[in-house]
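Student: All residue numbers for the sequence shown refer to the numbering used here, where the first residue is -14 and numbers rise by one.
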Amino acid sequence: MVLSFDFTENATRGQIFDTLFNAMDEAQHKRFYEIIERAEVPEKHHRNIGEINKTIDALDAPDQVKNDLRSVYAILAAAEAKVHGCDVSQTHFHEVGKAGGIRNALAICAGFYVLAPEEVVATPIQPGEGEIECAHGVLSLPAPATAAILEGMPLAEPRMGGERCTPTSAALIKHFVKSFKE
-14 MVLSFDFTEN
-4 ATRGQIFDTL
6 FNAMDEAQHK
16 RFYEIIERAE
26 VPEKHHRNIG
36 EINKTIDALD
46 APDQVKNDLR
56 SVYAILAAAE
66 AKVHGCDVSQ
76 THFHEVGKAG
86 GIRNALAICA
96 GFYVLAPEEV
106 VATPIQPGEG
116 EIECAHGVLS
126 LPAPATAAIL
136 EGMPLAEPRM
146 GGERCTPTSA
156 ALIKHFVKSF
166 KE
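1) Report all residues from its chain with a CB closer than 6 angstroms to the CB of Phe(-10); omit the five preceding and five following residues, and keep chain order.
2) For a test of the three-state rule: what should DSSP assign to His31, helix, strand or coil?
3) Would you say the stretch 126 to 136 touches the stretch 9 to 26, given that touching needs at least three Cβ pairs under 8 angstroms?
4) Note down, in chain order, each residue of its chain lying with its Cβ closer than 7 angstroms to the Cβ of Gly96, except the 5 sequence neighbours on either side.
5) Taking Cβ to Cβ, would you say Val81 is nearer than 7 angstroms to Thr(-3)?
6) Check whether the stretch 18 to 31 and the stretch 40 to 47 touch, using three or more Cβ-Cβ pairs below 8 angstroms as the test.
7) Taking the alpha-carbon positions, what's the Met9 to Ile93 distance?
8) I'd like to check one pair, Ala156 with Pro109: are the Cβ atoms closer than 7 angstroms?
9) Tell me, please, which residues DSSP counts as bridged to Val73.
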């Protein structure tokens, strides 16, 4: 199965999830929900990659889902370290370290696991443009961590207003998408 994503206007987690969910049949939906219901993420703020990895290790989920989730967070940590000029072990997560952020990334990793596509392709990625207010103040879009992750990947033109690709969605795309098409 070839799984195709259209990121020309939007490359958010919601866009990724919707594409995955819509590609699932009834049996795959059932398996997806079984994984998500068993994999409980504690309600706390996971502030660094070490805490994130401990939480992932403790999940009751297939090893492949946990490996994919670890990889996504490693991409996020590397990007944060790059933009803050620090070691990966010193990165500090904000939104992506919250339980809800981990659950969102987990759901997408579980979706890929259930679908088990042979190939994942996507259009160039819409990064968005403008400004956003976050824990670090007002930042230009794409946010610095998003821009760091997207380096080397094809970007859609013209740029559209607003945040169209987050650091988490960029990390998910970098991990799962192996080829791009126009």
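All C-beta atoms, glycine included, are put in the ideal place defined by N, C-alpha and C.
Tutor: Quick answer:
1) Thr4 and Ala107
2) coil
3) no
4) Phe2, Leu5, Phe6 and Phe17
5) no
6) yes
7) 12 angstroms
8) no
9) DSSP, once it has assigned bridges, lists no residue as partnering Val73.
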